[in-house]
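Chains A and B are the protein sequences, given in the same order. Throughout the first sequence, residue numbering follows the working numbering, covering 1 to 440 in sequence. Throughout the second sequence, residue numbering follows the working numbering, covering 1001 to 1131 in sequence. Every residue gets a Cβ at the ideal spot worked out from N, C-alpha and C, and that includes glycine. Every value quoted in this text rests on a predicted model; they were computed, and no experiment measured them. Worksheet for the structure shown next.
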Amino acid sequence: MAVKKIKTIYDVLCPFCGTLCDDLEVDIADNKVVEVRNACQIGTKKFYSSNPNEHRYETPMIKKNGKLERASWEEAIDKAADILANAKRPLLYGFSSTECEAQSKGVELAEILGGVLDNTASVCHGPSLLAKQDVGQPGATLGEFKNRADLVIFWGSNPVHAHPRHLSRYSEFVRGYFRKDGRNDRYIVVVDPRNTHTAQIADLYIQVNPSEDYELLNAIRAVLRGVELDEKEVSGVSMEKIKELVNTMKTCSYGVIFFGMGLTQSLSHHRNIDAAICLTRELNDHTKFSIIPMRGHYNVAGANQVFTWNTGYAYSIDFSRGYARYNPGEFSSVEVLLKDQVDASLIVASDPASNFPAASVKNLFKHPLIVIDPHESPTTVYADIVLPAAIAGIEAEGTAYRMDNVPLRLRKVKDAPGECLTDKIILEKLIEKVKEKRGE
Amino acid sequence: MSLDNLILLTGRTIDQGVALEGGKTTKENVRAAAICMFDTDDFKKLDTLVGTPVKIITDHGEVIVYSILSEEGPHPGIIFIPMGPWANQLVNPDSQSCGTPTYKGMKAKVEVVKSGKVLDALDLIKTLKEA
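Below is the structure:
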């Protein structure tokens, strides 16, 4: 048997989570991924799953007689453009798992169609963006935290599971310029209702009652200001522990709070983040402190950037009056679906059928559904049209923004299988066809 | 047997992340995300074997998933289901007008089910499509 020639590509970016690791090495033979080094379990799996397999779409698919059947690009684009051009108020959702150039094409299409434009921030760090708009955000880039932070607080986030290499690259084990002894030079605090795997390797674990983070944050702010609270405990945390935490915060030389879904998806939503940001601001009277959201999708930060350059708003944007309007409580995808206020959907690189609450998913399927996605998912299987995409960051180049809003260039390591096109080209084809149908 | 007054949390697990990248319609995804993690002491009260299917009920819906002991305990009174279609049958779609649903902190009830099947992702979503 002939030995296959293996090509190694270095410094590859991982298109999975917001940590956006940029030190991967990928071996390619025969246009297939044969080895991935340095990535976490999830990133490795993503690279391998780009190889041809039974879950990958390689040609456009159109639903005929209740079943998805292969179709030509011309037919699929024509039919998709028909649906979109005839919809009164289509929803364009997803965009966080693709590159910035494709995202800007999505904005263009939404504006032409007069639709609702949204990205996955609306089900994850949307409240963080609302809070940032309310009270600002004292932040920094991940390199600063790596080199300087001696107090690292994970609040409602579990990076061992959700951002597996964050701890070894930026926040816990890594050696930094002023943190030469790595883990030993940092004090790690975890605030979470569950004793997570991240908490199990922390120096201080604070078990807060579920949905009571707001009270705890404000108790910490009060103690920081020297107020004696007439309580034995707040949110299930004893006053001694709160005082210990405040003392640790005040006496560190550089602290950082990494917060996750524990704050954004629980009852108080953006009010939690408001309180956490105000606490961070007040801590800067004593020492240096920053706060940063642990962004989920690798380019959700990019989606917020691109949408903001183009429309002025980061997510949940409505173009139905011909200009951009912003009100997440009214225009977020989950809300417009829940109230059944859209009459067609175009989903780009996302799986809302799996990730939205059941009541919203029911309405998603009531109207025509077009999906641009490389892989089979509960959304694509029940869609009317599936447009097969090259995987951005593996089969297409582009720009992505890390969780700290640093833009990095994604690499292409292999060609896409079959007839797959990049998200950007597919969206350009749709824009062209929609304009043609409208006689523009 | 059943348990009342539990709090349901949902979120990412690394197994669920790996499974979804491997194929959202696979059995691997069912094993990774169609599970409910219990505090060890809570689970004893259910008086059943680990792995037995359980029905989780909230004000917003119900779903049958496999039971499993939590590695991230103790967390008495709290159950955890990885994010995904199973968890999303139970979460609160209300966003209190901020756009983001309340995926964490629902009041939940658990029942051990004698009959009843854990559906795979496609069959589960099909029930919503046909509803």
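In chain order, what residues of the same chain have a beta carbon less than 6 Å from the beta carbon of I77(A), not counting five sequence neighbours either side? K429 and K433
Would a check of beta-carbon distances place E1072(B) closer than 8 Å to chain A? yes
Can you tell me the Cβ-Cβ gap for K412(A) and S50(A), rounded? I've got them flagged as a contact below 8 Å. So it is not a contact: roughly 11 Å between Cβ atoms.
In angstroms, rounded to a whole number, what distance separates the CA positions of K79(A) and K424(A)? 18 Å
Please say whether G1084(B) and S354(A) have beta carbons closer to each other than 8 Å? yes
Identify every residue that forms a DSSP beta bridge with R1012(B). None; R1012(B) has no bridge partner.
Neighbouring residues, chain B, relative to Q137(A) (Cβ below 9 Å): Within chain B, no residue comes near Q137(A); the closest Cβ sits about 17 Å away, beyond 9 Å.
If we ignore side chains and look at the alpha-carbon of each, how far apart do Y1066(B) and L421(A) end up? 39 Å
Here's the rule: buried if 16 or more other CB atoms are within 10 angstroms of the residue's CB, otherwise exposed. What is D340(A)? So D340(A) counts as exposed.
Can you name, in chain order, every residue of its own chain whose Cβ lies under 6 Å from the Cβ of D1120(B), other than the five neighbours on each side? V1030
Roughly how many angstroms lie between the CA atoms of Q305(A) and D1047(B), to the nearest whole one? 52 Å
Please confirm if K1076(B) has its CB atom under 8 Å from at least one CB of chain A. The displayed chain sequence assigns Pro, not Lys, to residue 1076(B). Judged by the 8 Å Cβ criterion, P1076(B) is not in contact with chain A.
Using a Cβ-Cβ cutoff of 8 Å, what residues of the stretch 1093-1105 of chain B are near chain A? List them in chain order. Those residues of the stretch 1093-1105 of chain B that come within reach of chain A (Cβ to Cβ, closer than 8 Å) are P1093, S1095, Q1096, S1097, C1098, G1099, T1100, P1101, T1102, Y1103, K1104 and G1105.
Checking contacts by CB at 8 Å: is F154(A) closer than that to chain B? no
Quick one, which of D203(A), R175(A) and V34(A) has its alpha-carbon nearest I188(A)'s? D203(A)
Burial state of T1127(B) (16 or more Cβ within 10 Å): In this structure T1127(B) is exposed. Its beta-carbon is surrounded by fewer than 16 other beta-carbon atoms within 10 angstroms.
Residue from V190(A), C21(A) and L263(A) whose Cα sits closest to the Cα of T1100(B): Ranked by Cα distance from T1100(B), the options V190(A), C21(A) and L263(A) are led by L263(A).
Let's test the definition: count the other Cβ atoms within 10 Å of the Cβ of E1071(B) and tell me whether it reaches 16, buried, or not, exposed. exposed
In whole angstroms, what separates the C-alpha of N1092(B) from that of G329(A)? Going by the C-alpha atoms only, they are around 15 Å apart.
Quick check on C100(A): does DSSP put it in helix, strand or coil? helix
With I273(A) as the anchor, note down where its alpha helix (DSSP H) starts and where it stops. For I273(A), the enclosing alpha helix (DSSP H) covers residues H270 to L283.
Residues in the same chain with beta-carbon distance under 6 Å from G176(A), minus the five sequence neighbours each way, listed in chain order, please. K146 and N147
Secondary structure at S1002(B), three-state DSSP: helix, strand or coil? strand
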